[in-house]
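Colleague: Below are the structure tokens for one structure; questions will follow.
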Amino acid sequence: MKNSVFNEELKAARNKYFSTDFKKKRVRELENNLISISDICKTYNVSRTSVYRWIYKYSSMAKKQVKQVIETKSDTKKIQLLEERIKELERALGQKQMMIDIKDKMIEIAEDTYDIDIKKNWLPKPHLVQV
0 MKNSVFNEEL KAARNKYFST DFKKKRVREL ENNLISISDI CKTYNVSRTS
50 VYRWIYKYSS MAKKQVKQVI ETKSDTKKIQ LLEERIKELE RALGQKQMMI
100 DIKDKMIEIA EDTYDIDIKK NWLPKPHLVQ V
């Protein structure tokens with residue numbers, strides 16, 4: 000009994016028919032980012048494979064061999080924030096490198112002016128650590 004109900008549901012799912020106009024409309028909605036593939040699958044009880052076939056067959060982008068990159072707004076925002084952070088860190092790194100170069104040049108000038116080897120004579124004093 001249970002098995003026959005499952006078989007009938009399976010047959011009904013296999014025999015679903017969607018008109019060409021319906022498929023084209025869903026593909027246009029996808030191209031305009033009005034709906035997602037998973038929304039179509041859930042709403043109309045259709046497989047992802049079928050939706051991808053519709054896209055391949057009816058999409059204006061597929062005919063032009065244009066690939067559409069679909070990413071959520073949160074992903075786009077996250078990428079933008081990360082790129083801004085990278086630029087900020089690169090600026091900070093550049094400033095620190097300039098300070099190091101300036102200090103090295105100052106040491107070099109002082110060594111030439113006072114005829115001493117500052118780098119060689121400068122050693123950090125070990126800290127006394129009590130255990």
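Mapped onto numbering that gives the first Met the number 0, the consecutive letters of the sequence shown carry residue numbers 0 to 130. Backbone N, C-alpha and C define an ideal beta-carbon position, used for all residues, glycine too. Given the structure is predicted, the values throughout are model-derived calculations rather than measurements.
1) Are there three or more Cβ pairs, one per stretch, closer than 8 Å when the region 37-50 is compared with the region 78-88?
2) First and last residue of the alpha helix (DSSP H) that includes residue 26?
3) How long is the line joining the alpha carbons of residue 101 and residue 85, rounded to whole angstroms?
4) Between residue 26 and residue 92, what straight-line distance do the alpha-carbon atoms span, to the nearest angstrom?
5) Compute the beta-carbon to beta-carbon distance between residue 54 and residue 29, rounded to the nearest angstrom, for a pair I have assumed lies under 8 Å.
6) On a Cα-Cα basis, can you pick out the residue from 50, 31, 37, 109 that is closest to residue 18?
7) Candidates 57, 36, 107: which alpha carbon is nearest residue 48's?
8) Since residue 117 and residue 110 are thought to touch, with beta carbons under 8 Å apart, how far apart are those beta carbons, to the nearest angstrom?
9) Quick check on DSSP: helix, strand or coil for residue 5?
10) Please report the straight-line C-alpha distance between residue 140 and residue 60, rounded to a whole angstrom.
11) Are the CB atoms of residue 15 and residue 57 nearer to each other than 9 Å?
12) By the three-class DSSP mapping on this structure, what secondary structure does residue 11 have?
Modeller: The relevant details are as follows:
1) With the cut-off at 8 Å, the region 37-50 and the region 78-88 do not touch.
2) Per DSSP, residue 26 belongs to the alpha helix (DSSP H) from 19-30.
3) Each residue's Cα considered, the two are about 24 Å apart.
4) Spanning the two alpha carbons is a distance of roughly 47 Å.
5) About 7 Å; that satisfies the 8 Å criterion.
6) The option with the nearest alpha carbon to residue 18 is 50.
7) The shortest C-alpha separation from residue 48 is found at 36.
8) At roughly 5 Å, the Cβ-Cβ gap stays under 8 Å, so residue 117 and residue 110 are in contact.
9) At residue 5 the pLDDT is 47, less than 50, meaning the model places this residue with poor confidence and gives no usable figure here.
10) The first residue shown for the chain is 0 and the last is 130, placing residue 140 beyond what the model contains.
11) The Cβ-Cβ distance between residue 15 and residue 57 does not fall below 9 Å.
12) Confidence at residue 11 is low in this model, with a pLDDT of 48, below 50, so its placement is unreliable and the value that follows should be read with caution. Look at residue 11 here: in three-state DSSP terms it is helix.
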